[in-house]
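J.: My structure is below; once you've seen it, I'll send some questions.
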Amino acid sequence: MKKILPLILILVTIGAYFFFNSQKTVTQNFSDSEADLILFWGEGCPHCENVKNHIKDNGFDSRLKISLKEVYLNKNNQKLLEETVLKCPEIDTSAGIGVPLGFDPKNSKCFYGDTPIIEWLNTK
Numbered sequence: 002m003k004k005i006l007p008l009i010l011i012l013v014t015i016g017a018y019f020f021f022n023s024q025k026t027v028t029q030n031f032s033d034s035e036a037d038l039i040l041f042w043g044e045g046c047p048h049c050e051n052v053k054n055h056i057k058d059n060g061f062d063s064r065l066k067i068s069l070k071e072v073y074l075n076k077n078n079q080k081l082l083e084e085t086v087l088k089c090p091e092i093d094t095s096a097g098i099g100v101p102l103g104f105d106p107k108n109s110k111c112f113y114g115d116t117p118i119i120e121w122l123n124t125k
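Numbering (this note's numbering), first residue to last: 2 to 125.
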């Protein structure tokens with residue numbers, strides 16, 4: 002019993018950590034065809050977290066259909082980001098493509114950086 006109790010405490014602690022951290026981020030994910038916003042983001046990107054927290058804190062995740070695309074670890078999403086940014090002539094890609102990048106598929110509009118994405122969200 003003495004060996005099991007520490008294991009149970011560790012599992013409860015890990016479970017609580019993931020539960021509370023999952024409450025801070027956007028959890029919904031829709032297909033691109035039905036999305037109001039496709040959000041390209043990267044794991045560990047502070048500007049991406051600003052956008053995701055703004056979405057969650059202001060209830061946009063319950064009002065909009067958001068398709069989340071993590072691009073640092075997912076090669077398919079990296080390719081999709083490259084394809085999507087070609088639809089955005091207003092974005093200078095000569096120095097590369099960064100995140101966060103929001104794409105409004107219904108109006109073919111791109112928003113590059115946390116401030117433009119948050120400003121777009123605030124119009125919704």
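Backbone N, C-alpha and C fix where the C-beta goes; we use that ideal spot for every residue, glycine too.
#1: Candidates Asp105, Lys53 and Gly114: which alpha carbon is nearest Ser32's?
#2: Buried or exposed for Ser23, please, with buried defined as at least 16 other CB atoms from any protein chain shown within 10 angstroms of its CB.
#3: Span of the beta strand (DSSP E) holding Ser63?
#4: Do you know how far the Cα of Lys4 is from the Cα of Thr116?
#5: Roughly how many angstroms separate the alpha carbons of Glu44 and Ala36, rounded to a whole number?
#6: Go ahead and label Leu122 buried or exposed: buried means 16 or more other beta carbons lie within 10 angstroms of its beta carbon, across all protein chains shown.
#7: Roughly how many angstroms separate the alpha carbons of Cys89 and Phe61, rounded to a whole number?
#8: Can you tell me the Cα-Cα spacing of Lys125 and Gln79, whole angstroms?
#9: Using a Cβ-Cβ cutoff of less than 6 Å, which residues in the same chain neighbour Pro73 once the five nearest sequence positions on both sides are dropped?
#10: Note down, in chain order, each residue of its chain lying with its Cβ closer than 7 Å to the Cβ of Val100, except the 5 sequence neighbours on either side.
#11: Rounded to whole angstroms, what's the CA-CA distance from Leu69 to Ser95? Just pull it up for me.
#12: Leu87: buried (16+ other C-beta within 10 angstroms of its C-beta) or exposed?
T.: Working from what's here:
#1: Counting from one through the sequence shown, the residue named residue 32 turns up at place 31. Answer by Cα proximity: Asp105.
#2: Against the sequence shown, residue 23 aligns to sequence position 22. Below a pLDDT of 50, predicted positions are generally treated as unreliable, and Ser23, at 46, falls in that range; the measurement from the model is reported next regardless. With fewer than 16 other Cβ atoms within 10 Å, it is exposed.
#3: Position 62 of the sequence shown, counted from the first residue, corresponds to residue 63. Premise fails: Ser63 lies in the alpha helix (DSSP H), Phe61 to Arg64, not in any beta strand (DSSP E).
#4: Here the question's residue 116 lines up with position 115 in the sequence shown. Here the question's residue 4 lines up with position 3 in the sequence shown. Cα-Cα distance, rounded: 51 Å.
#5: Along the sequence shown, read from residue 1 onward, the residue named residue 44 stands at position 43. Along the sequence shown, read from residue 1 onward, the residue named residue 36 stands at position 35. Between the alpha carbons of Glu44 and Ala36 lies a gap of roughly 21 Å.
#6: As a working mapping, residue 122 is identified with position 121 in the sequence shown. So Leu122 counts as buried.
#7: Indexing the sequence shown from 1 puts residue 89 at position 88. Indexing the sequence shown from 1 puts residue 61 at position 60. Cα-Cα distance, rounded: 24 Å.
#8: The sequence position of residue 125 within the sequence shown is 124, counting from 1. The sequence position of residue 79 within the sequence shown is 78, counting from 1. Cα to Cα, Lys125 sits roughly 27 Å from Gln79.
#9: As a position in the sequence shown, residue 73 is number 72, starting the count at 1. For the sequence presented, residue 73 should be read as Tyr rather than Pro. Around Tyr73: Gly43 and Glu44.
#10: As a working mapping, residue 100 is identified with position 99 in the sequence shown. Here the set comprises Phe41, Trp42, Gly43, Cys46, Cys49 and Val72.
#11: Looking up residue 69 in the sequence shown gives position 68. Looking up residue 95 in the sequence shown gives position 94. Looking at the two C-alpha atoms, the distance is approximately 25 Å.
#12: Translated into positions along the sequence shown, residue 87 becomes position 86. Its Cβ having fewer than 16 others within 10 Å, Leu87 is exposed.
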